[in-house]
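Here's the structure, in structure tokens; my notes come after.
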Amino acid sequence: MLRRALPGVYEGWIVVGSAAFVVLMIGASFFYGFGTIFNEVIDEFGWSVAATSLAFSLRSEVGGIAAPFIGVLIDRLGAQRVALGGVIISAVGVLLMSEIQAIWHFYAVMMVIAIGSSAAGGSVGLVAIASWFEARRAFAMSIMTLGGGVGGLLVVAIAALVEEFGWRGALRALAVIMLTVGIAFAVNIRTRPEDHPQPMDGVRASPDGKTLAPAVRWGMTLRQVMRSRAFIFMSLGLILMNFSTTAVVIHQIPYLEREMHVSKAVAGSSVAFFTMFSIVGRLGAGYLADRFSKRLIMVASCLFVLVGLPILAFADSYMVATAGILIIAPGFGGTIPVRPAMLADYFGTKFFGTINGVVALVTTTGGALGPWLVGWLVDTTGHYQAGWLLSAAVAAAAIPFFLLASSPSIEDRRGAGREDGPGDARPIVDTH
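Under the working numbering, the first residue of the sequence shown carries the number 505, and numbering increases by one thereafter.
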């Protein structure tokens, strides 16, 4: 394990790096990479855009349904075991995907992949990281989510594999890579032990030289969380944002190929640019979220998506479409580290795995509906314009819900073991 090879490094950062590599595998193979086989599958089997998109919607919904159960497993068994199991299931699912012969095979295997990627992907890393960081939590989570962004950069390589070996051969290669590399990093992802000798955040003293008090692990129960106004409004905002951003991620390559008439390689390079700009959003939002209101960071992310989608809708050239994609990207990336950081700040880390899983279940409704409905509109109208405009309207509707998602009352937080006030958690160490 890396913690033995790097004894002088705060173990929390080892967890962050290892989780980032696992998320890289998930992002490259399942989230961004499947767009490269979208049109190939349609061409081979003759399925409609809506029917093919439904598989990706099933992936989102089944992953969301599995998330609360996976969260409970993380809280009970620890992050490491769940991450290892998720990697193995994911790799097996990708291998099975290379052998499908009917649409029900496509749907069934996508559900297997959904369960595996839900276990191996962001949730397990976020739960582990939440236990290792407090003052630098949002930034640490943003570093982990960079794995997903870098995974998007690999879409160009995956597209090349598809063109060279066909979509089935490319999936077989991805399964082998997932199994070998994924396991090597998953073993390093673990929840912080209560008696761990290293101080929280890896910081031993404040700038004035005083020793920091040990962080208290606190948390509201799931029942308390689900009754709170913060949970309701956050969930509604996330459902709507997931609708819009997931539709863009899934349909980006098919849209560019179909309406901008570019090759798969060129479309794949646009995804690479999208993920590069999403990385900027992840890092920027993670840095700012440790210093300013996380609600406002979420609103700013919505605005990027809201501005970019109409550009896609009315684009008359590849360059204009790319401009819209690059505006959307930071907004998509910005929500990724801020959402779990908000959950940990608002509701604590004691039951974070379970709470994060329930939020994933609720909010993936949008991620499931968005790609399918946009695909249906393409089948109905023959173009993506209506789908992009609908997605823009949905992103706009998310903004008031994030503004209303203030943190739980001071009484609720004190009842859960937290003694500070109801605002966003303040840094333990001033890092301005």
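Quick reminder that beta carbons are idealized off the backbone N, C-alpha and C, glycines included.
In the displayed model, GLY785 falls within a helix according to three-state DSSP. Annotation for SER561: ALA872, PRO875, TRP876 place their beta carbon closer than 6 angstroms to its own, counting only its chain and skipping 5 residues before and after. The beta carbon of ALA896 sits closer than 8 angstroms to the beta carbons of SER748, VAL809, LEU810, LEU813, PRO814, ALA817 from its chain, once the five residues preceding and following it are set aside; these are given in chain order.
Cα atoms of ILE840 and SER646: separation of roughly 7 angstroms, rounded to the nearest angstrom. Taking a C-beta distance under 8 angstroms as the contact criterion, ALA555 and LEU657 do not qualify as a contact pair.
Annotated three-state conformation of GLY550 is coil, per DSSP. The region 633-642 and the region 594-608 do not touch, with fewer than 3 CB-CB distances between them shorter than 8 angstroms. Rounded to the nearest whole angstrom, the CA to CA distance from VAL753 to LEU650 is 16 angstroms. Secondary structure of GLY741 (DSSP, three-state): helix. Shown here, GLY589 sits in a helix according to DSSP, grouped into three states. Per DSSP, reduced to three states, the secondary structure at GLY723 is strand.
Nearest in C-alpha terms to LEU588, of all of ALA570, ALA571, GLY629, is GLY629. Taking the Cβ atoms as the reference, LEU865 lies roughly 6 angstroms from ILE569, within the contact range of under 8 angstroms. Going by C-alpha positions, THR725 is about 43 angstroms away from TYR759. Excluding sequence positions up to five before and after ALA751, its CB lies within less than 6 angstroms of the CB of GLY874, PRO875, VAL878, SER895, all in the same chain and listed in chain order. Cβ contact annotation for ALA899 (same chain, cutoff 7 angstroms, sequence separation greater than five): LEU744, MET745, SER748, CYS806, VAL809, LEU810, LEU813, in chain order. In the structure shown, GLY852 adopts extended strand secondary structure according to DSSP, grouped into three states. GLY852 is positioned such that its CB atom lies no closer than 8 angstroms to that of ALA644. The straight-line gap separating the alpha-carbon atoms of PHE905 and ARG762 is approximately 35 angstroms.
Closest in alpha carbon position to LEU830, among ARG563, ALA789, SER774, is SER774. With fewer than 16 other CB atoms across the displayed protein chains lying within 10 angstroms of its CB, ALA769 is exposed. With fewer than 16 other Cβ atoms inside 10 Å of its own Cβ, VAL680 counts as exposed.
Secondary structure at VAL766: coil, using DSSP grouped into helix, strand and coil.
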